[in-house]
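Only one structure is covered here, and it is reproduced in the block below.
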Amino acid sequence: MVGQVLSGRYELEELVGTGGMSSVYRAHDRLLDRKVALKVLHEHYGSDEAQVERFRREARAVATLSHPNIVAVIDRGEHEGRQFIVFEYVDGENLKRLLERKGPLPVARALELVIQIAQALSFAHGQGLVHRDVKPQNVLLNGDGAAKVTDFGIARSLDVQHGMTQTGTVLGTSDYIAPEQAQGRRVDEHSDVYSLGVVLYELLTSKVPFPGENFVAVAMRHINEPPPSVRVERPDVPARVDVALQVAMAKDPHDRWPTMAAFCAELEGCLRELSPGEEGTQIIVPPRARRHRGGPSPWPVLAAVVALLAIGAVVAALVLTGHSPGRGSGSPAVRAPVHLIATTAYDPYGTGGEHNELAHYATDGNGQTFWKTEHYDDAPSLAGKPGVGLVLDPGRTVALHDVRVTTTTPGFVAVVKGGDSPTSFTQDVSASQAVAGVTRFTISGAAFRYYELWITRLGPGFIDARVNEVTAT
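Below you can see the structure in the form of C-alpha cells.
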C-alpha cells in the first residue's frame, strides 16, 4: 500500500500502526500539500456491510468533534472498495511511549495532561459520544506537548495479547476497562471516567493498577478488586489526588464522579493546590532496611527528642510572656487537634437519617472512605428541605477554632453549627461556604458539646454530597 495514491489525492508514505480492523498510514495530501493520517479498513471487512456502516457512522460522529484536544477528522472516502478516514497528522509520540521513555511523570505534568484529556472527553460526552477505549496509546502529544485524544471507537484492534478485545464481544482494552464494560453491561460516560482514572494512575506510577497474564485475568481484577492507593507506589502524590483516583475507579458507576466535567474540575483543584516545585519531590521516610544491626532504630528516639524540644519551646514562650493557652490571651492560642467522631446523620425535615451507618467513615482517618447524603434527583436542591447534617461529637464541651472538610463531590454548600445535644443545633458558628476539595471553616462563638456540618445545597452536577474526612482544632 505504501506509495499508493487513494482517491487521486492521498499518497501513502509510511505504515505507522496496524490492528485487527484497520491500518494507519502517514500520507501526503497532494491537494493541500500537507501531511495527514489515514485509517484504512482492512480489505476482508469490505464485504461486511455491518462493519462498513459502523465505520462510516462513527466517522461521521467523530467529524462533529471540533476540540483542541481531539484529533480532527478531515475527510472520509472509499478507494477500490476500501473504506478510509483522514485525520489531522500529529507529529509526536503517544503517552504510552512517553511513559516507556521517561517513566513516572511529575505530579503537575500528569495532572495537566489528564485535565486536557478530560476536557476532550467531556466535550465528546456532550455530543453524545462515549470513547470506550481510553488509554495512553490513544492520546497523542503534539509539538507543544499538548494532549490530543484519538480513536473514538472507529476501529479497534483485536490483538488480545496486547490487551485488546474483540469488537462485538467486549469493547475496550483490558488494562483500562471499566468493570461494567468487562461484564458486557451498559457503557456510558462513567466508563470513560474509570478508564481515565487508570490512565492517571499509570502516568504517576508507570504501572497499571491491575496487571495480569491475559484479558480474563485482568478483567476479573477490575471487576472484583478495590483500586490500589497510588500513594503506596508513590508517597509524594497528594492525598487529594489519591482520593480523586479512588472515586474515579469505584466499582459501581454511580459511586464515581457523576460526569467527566466533575472529575476534571476536581483535578484542576488538585493542580491548584500543588505548591511551586512540589512536582517531582519525594517524601523521605527512613527505610527499615537501614536500621542499625543488633539494635533498635534511632528514628523513634530522635523523633521523641524533637517533640520534647518543641513542647519545651512552647511552654517556655508561654511562661516568659505570662500568657496561658486560650482565646483572648493577647497572643495566638496553642491549637491542638480535637478528635471528632461523626456519630450519625441529622435529617429533621426528612426521614430522620441519611446513611447513618456510613457516618463514622467521615472521621475514620481514611480519605478514601466517606459518608454521603441520599441521592437527590432535583439536585442541587434537597427536595425542598432546608438542609441535612452530619453530627460531630468532640467528646467534651469545647470551643473549636477551625473545622476542615475533605470531599470528592466539590461545590456543595455547608455551614458548621453548634448545640448542646445531638438533636438540637441552635447556632451557626461559621460562615456558609462552598466545599471544594479540602475546605477550612473558621469557627467563632462559645464552646459547645456537639457540632454539626449542615449541608444546604449540592455541588453542580452532583446528586449527593460526600464527606470523606472532617478534622478540627
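The letter at position 94 of the sequence shown is residue 94 when you use our numbering, and the numbering goes up by one with no holes.
Heads up, the beta-carbon is just placed ideally off N, CA and C, and yes, glycines get one too.
Only a predicted model underlies this, so the values are computations on that prediction, with no experimental measurement involved.
For H28, the uninterrupted beta strand (DSSP E) segment begins and ends at 22 to 29.
The straight-line gap separating the alpha-carbon atoms of L453 and V391 is approximately 7 Å. Judged by DSSP in its simplified three-state form, K96 adopts helix. Minimum Cα-Cα distance from D192 among the listed residues T343, F123, P228 corresponds to F123. For R404, the enclosing beta strand (DSSP E) begins and ends at 402 to 406. Separation of V237 and A217 (C-alpha to C-alpha, rounded to the nearest whole angstrom) is 28 Å. Under the three-state reduction of DSSP, H79 is assigned to strand. Check the Cα spacing between A379 and each of A436, I463, K385, T373: the tightest is with I463. Checking the DSSP bridge columns, you'll see S424 partnered with S421.
Here R221 has F210, G212 as same chain residues with Cβ atoms under 7 Å from its own Cβ, once five neighbours each way along the sequence are excluded. For a cut-off of 8 Å, the C-beta gap from V405 to V435 is around 5 Å, short enough to register as a contact. By the Cβ rule, the stretch 193 to 203 counts as touching the stretch 128 to 145, because three or more pairs are nearer than 8 Å.
With a threshold of 16 other beta carbon atoms within 10 Å, D33 falls short and is exposed. Burial of D175 is indicated by the presence of at least 16 other C-beta atoms within 10 angstroms of its C-beta. The three-state secondary structure of G269, taken from DSSP, is helix. DSSP places Q433 inside the beta strand (DSSP E), whose first and last residues are 433 to 435.
For L38, the three-state secondary structure derived from DSSP is strand. Every unbroken stretch of the alpha helix (DSSP H) spanning 4 or more residues and falling wholly within the stretch 199 to 248 is given here in chain order: 215 to 224, 230 to 233, 239 to 248. For A108, the closest alpha carbon among the candidates L271, P386, N468, V398 is that of L271.
In the structure shown, the three-state DSSP call for G145 is coil. 8 Å or more divides the Cβ of Q183 from the Cβ of Q368. Beta bridge pairing from DSSP links G352 with D347.
Per the DSSP secondary-structure output, T442 pairs in a beta bridge with D402. If you compare the alpha carbons of L41, R76, D91 with that of R9, the shortest gap goes to R76. In the DSSP assignment, E180 falls within the unbroken alpha helix (DSSP H) covering 179 to 182.
Excluding residues up to 5 positions away in sequence, nothing lies with its Cβ nearer than 6 Å to the Cβ of N224 in the same chain. Inter-residue distance for K385 and G350 is about 7 Å (C-alpha atoms, whole angstroms). Between E469 and Y451, the alpha-carbon positions lie close to 15 Å from each other. Taking D151 as reference, the option from E357, A383, N94 with the minimal CA-CA separation is N94. In this model, V416 and P348 are separated by some 16 Å (Cα to Cα).
Burial check for M1: the Cβ neighbour count within 10 Å stays below 16, so the residue is exposed. Here DSSP, grouped into helix, strand and coil, assigns G126 to helix. For Q4, the closest of L113, N214, R82 by C-alpha to C-alpha distance is R82. Residue pairing for G17: DSSP places it in a beta bridge opposite V24.
Secondary structure of T471 (DSSP, three-state): strand.
Counting of Cβ neighbours within 10 angstroms places K35 among the exposed residues, the total staying below 16.
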